[in-house]
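Residue numbers (our numbering), protein chains in the order written: chain A, 1 to 159; chain B, 160 to 895. Working notes, structure below.
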C-alpha cells in the first residue's frame, strides 16, 4: 500500500510499486485530465506536480511518490475557479485538439512558480519538453508571457 | 460530451433524455437525402431537426455532425447555426451526433470528417437550419403575443417585442406545433453577428481544464484493458505463441489471438502492458520483410528511368514537344519525400462492449459510422444493434480514418466476453500504423528568357492510397452480408486498376494544376512494397507541392527573374492564387530581414483554398533555423478568423516537422523509428513566429485544416537556396 497526497487529499493505492503514477491516477483514481502520449517521458502529456516540481509521470513509479504531494490539472484549477494560466489559455484560444494541453499547463505553472517573470527564452527552455502535435506553440508562449505580465496575477500563481 | 447513438432518429431523440418523445417540425435538410419522419411532440422541448434541440429553459443543444480533432469544426459549425438562429455560439451545449444519414458529410455522402470539408460542406445547410428554426419561433411568438411577426426581432436567444425580452424557450411548445419554413431567408454577409468574428473556441474551457473527454478517457463498468503484440512487419501473421508467462503476470485475465496479433487483457492497463512484455510470439513474415529503405529508393529510381515507356498518363494538355522546343532553358529535378507517420498525441484506442446481442463502441474517430460498421461486422451483429459514440479526437491528421483498433477491440471483446479498451502504445503508433506514402517525383520544365513556362512534365513514383482507403472503408460501410471475399476481390480490382490503367488522383494532385504551363503532362508509375498507406494531412499535396514549388523556384532562378514576379507572370489562369501571391509578395517587400537570414517563397492551391507562405531562415552549424513564417490565405469567408489563423499556424508547424525532421526508415520491412526520441516532433524552441493574413472575402468558405501545410517545405527549401545556393530536393531537408 502506497499513500500520497492527491490534490490536497490523502489517498492510498494497492497498485504494484512499479506502476507509473500516470496509470495510478488515471485507472485507480479515475482522474483523466493527465494524458498518456509516449510512455517514455518524451512528450510531457502526463506532466503533474510532485511537491511542486513538474514531473513526467508516465515513467515515474508510484513508489517514488510515497508521502509526497501530487497536483494534477484537476487540482490546479476548475472551470469555476480557473488558474490564471487556464484563463489565459482560453483568452488566447490556445488549444486545438487539446490532448497535450493539461501537460503544457502543468509545465508552465511549475515554471511560473519559480520564475514569475520569464523571458521568451526561459519559456522555450521550460516548455521544450512538451510536444504539441497541433503546433499551438506560439499561442502557448503568448499565454504564458501574458500571464506572467499580469503582475497582480503572478503573485497568485501556485505550483 | 459523449452522446448516445442509435439507428433511428426516433430512438436517438428518445435517448437524448427527452421525456415523452421528442418533437420534430418536419422540414427537409439541404444535402440530406434521407429525411426522417416527424416525431411526436415533447412537453417542454423542441427538436426541429437533427442538429438542434431547444428546451423551455432556453438551453440550446447542438448535435455536431463532424468530428472535432482540433480543427475547430465544432466551433465553426455551431457558429453557422447560431448566426441564423440568433444565439451566441458559446451558449450551445455541443454533443457529438450519433450515426444517422442526416449527419452525413454533404461532400462525401457518408458520415466522415476529413478533406478540409466541414465548413465548406455545411455552410448553407446549417445556416438554413438556424434560419428556419428562428422563423418558426418568431411565428409562434407572434401568435402567443398577439402581434404581427414583423413587429418582432431577436437577440441572443430572445424574442424582442417592444420593451420585452422573452427567451426562445417560452415559445418552443407553440413552435413545435407549427410547420417550420424550409427556405427562411438567410442573412446577407454584412449582417453577420458571429460569422467572421473572433471569439474563444467553445471547447477551449474543457481543453484548458482537463475536462474534455477523449476516447482514452471513457470509462465504463467492468472495463478491461487490452494491449496487442503485432508482427513487427506489416502484414505478418502469428505462427506460434506461448501465453504461459503472460498469464502468470498478476492481473492478467486473458491472452487471445486476434486478426492483428495476440492481445493481453487485464483489469488495469499496466498489468496488461507487463503481460505483453512477457509474451512470446513467433511470426510468419510477409514479403515486405525483405524490403529496406534502400530497396524502396532503388525500385522507385528504376521506375522513373523507364517512365517514358510505362508510366500512366494522369493528365496532359498542349504539345509538350513544341513547348520544350520553344523554351530557352530546360530545368530538370528529382524530388524525394519519405514515408511519414501522423503521430497524433492521443494514441489509437477504442472501447467495445457487447451485451445481449447489442454493442457499444466509444472511439474518437473521423468516421463514427465506420466504427459502427466495423463492430457490426466483426461481432456478427446488425448495424442497427451497434451504438457508436464519438468523443474529442486527440489529433488525427488523417490517422483516425483507419480504425484497426476498433476491429481489435471488437475481436477481443468477442473472444473474452468482457468490455474492452484497446490502447496502442506510441511504439505501436509509429511501427504498426498506416503511413503517408513515400514518393519520388521528377519535374522537367521549359521556360523562356521572358519567364513564360512553355512545358511542364511531372512524374511521380510510389504507392497509392485509394485502394487501401477502400480496403479500410468497405468492411465498415458495406452491409455485413457482403463477405470479406467479395471485399478483397473489389479492393484487388481497384489496386490493379491504379497500377495498370488509371492514375489515383490523390497520388499526383497538385503536381501541375496551378500555373499556366503552355503544355503539360503528368505521369505516374505505381511501385508499392506493401507498407500500409493512407491520407496524411494534405494528402498528395504534402509532397507534390514540394516538387512543384521548388521546381518553380529553380525556373525563376534560371530565367533570372524574381520568384514572386515569376509566379505572378505564370498564374494568369488562376486569379485567386495569383492574388494571394501578389499580397504575400507585397508583404515580403516590407519585411525587415536580419543579417544572415534569407527569405523563401512558395504558394499552392489545395482543398479549394489558396495559400502563399514566406519563410525567414538562417543556416548555422549545419542546421536550418526557421525564424518566422508569413502565411497569406484565401479560404473564402473565414467563419472564425482566429480558428483559421490557428489552423495555418498549426499546419506550418506540422509541415515544418516533416520538412526538418520527418523520416521513417524501413529495415527488413520494419519501421525503425519507435518513439519521439528518433521520430522528433518540432518543439517550442524550434517553432517560428507565424503571421497569418486572411484575404477579405465574401465567397463561401473553402478548406482550412490542410491547405496551410503544402507550401511550407518548399518555402523553407527556397529560403535555404537564397541563403546558401544549395538546392535541396530531398525531404527532410538536410544541408550538404
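Glycine included, each C-beta is placed from N, C-alpha and C at the ideal position.
Less than 8 Å divides the Cβ of residue 606 of chain B from the Cβ of residue 487 of chain B. Just measuring C-alpha positions, the residue of B:617, B:533, B:431 and B:261 sitting nearest residue 640 of chain B is B:533.
With a contact defined as Cβ atoms closer than 8 Å, residue 592 of chain B and residue 508 of chain B miss out at about 13 Å.
Not a single CB atom of chain B sits nearer than 8 Å to the CB of residue 63 of chain A. Distance check between residue 497 of chain B and each of B:551, B:578, B:462 and B:456 places B:456 closest, using alpha-carbon atoms only. When the Cα atoms are used, residue 771 of chain B and residue 628 of chain B turn out to be separated by approximately 30 Å. C-alpha of residue 800 of chain B to C-alpha of residue 624 of chain B: approximately 32 Å in a straight line. Taking the C-beta atoms as reference points, residue 705 of chain B is found nearer than 8 Å to residue 890 of chain B. The three-state reading of DSSP puts residue 291 of chain B in helix, counting H, G and I together. Think of a sphere of 7 Å around the beta carbon of residue 834 of chain B: the chain A residues whose beta carbon falls inside it are 38, 40 and 42, in chain order.
According to the DSSP assignment, residue 758 of chain B belongs to the beta strand (DSSP E) that extends over 756–765. Close partners of residue 102 of chain A in chain B (Cβ separation under 7 Å): 369. For residue 324 of chain B, the uninterrupted beta strand (DSSP E) run begins and ends at 323–326, by DSSP. According to the DSSP assignment, residue 384 of chain B belongs to the beta strand (DSSP E) that extends over 383–389.
Using a Cβ-Cβ cut-off of 8 Å, residue 865 of chain B does not count as an interface residue toward chain A, since no Cβ of chain A sits closer than that to its own. Closest option to residue 726 of chain B, judged by alpha-carbon separation, among B:702, B:684 and B:610: B:610.
Using a CB distance cut-off of 8 Å, residue 480 of chain B does not count as an interface residue toward chain A. Straight through space, the alpha carbons of residue 547 of chain B and residue 269 of chain B are spaced by roughly 15 Å. DSSP, reduced to helix, strand and coil, places residue 483 of chain B within a helical segment of the structure shown. Taking the Cα of residue 248 of chain B as reference, the smallest distance to any Cα among B:237, B:785 and B:255 is reached at B:237. In the structure shown, residue 600 of chain B adopts extended strand secondary structure according to DSSP, grouped into three states.
Three or more beta-carbon pairs separated by less than 8 Å are not found between the region 810–817 of chain B and the region 75–88 of chain A, which leaves the two stretches without contact.
Counting every other CB atom within 10 Å of its CB across the protein chains shown gives residue 81 of chain A a total below 16, marking it as exposed. Spatial neighbours of residue 25 of chain A in its own chain (CB-CB distance under 8 Å, excluding positions within 5 residues in sequence) are listed in chain order as 6, 31, 34, 48, 57, 70 and 72. Pairing residue 554 of chain B with residue 504 of chain B gives a Cβ-Cβ distance under 8 Å. Residue 78 of chain A has a beta carbon lying within less than 8 Å of a beta carbon in chain B.
Of the candidates B:574, B:753, B:261 and B:439, the residue whose Cα lies closest to the Cα of residue 787 of chain B is B:753. In terms of beta-carbon proximity, residue 20 of chain A lines the interface with chain B, with at least one pair separated by less than 8 Å. Put simply, the region 757–765 of chain B does not touch the region 643–653 of chain B. Fewer than three CB pairs are less than 8 Å apart. Scanning B:682, B:672 and B:683 for the CA closest to the CA of residue 734 of chain B turns up B:672. Using beta-carbon distances, residue 766 of chain B does not count as an interface residue toward chain A, since no partner is under 8 Å. Annotated as distal: residue 834 of chain B and residue 120 of chain A, with beta-carbon spacing of 8 Å or more. Using a C-beta cut-off of 8 Å, the region 330–338 of chain B makes contact with the region 285–296 of chain B, since at least three inter-stretch Cβ pairs fall below that distance. For residue 459 of chain B, the three-state secondary structure derived from DSSP is helix. Its Cα nearest to that of residue 656 of chain B, the residue B:471 stands out among B:774, B:471 and B:713.
Counting only the Cα atoms, residue 251 of chain B lies some 21 Å from residue 279 of chain B.
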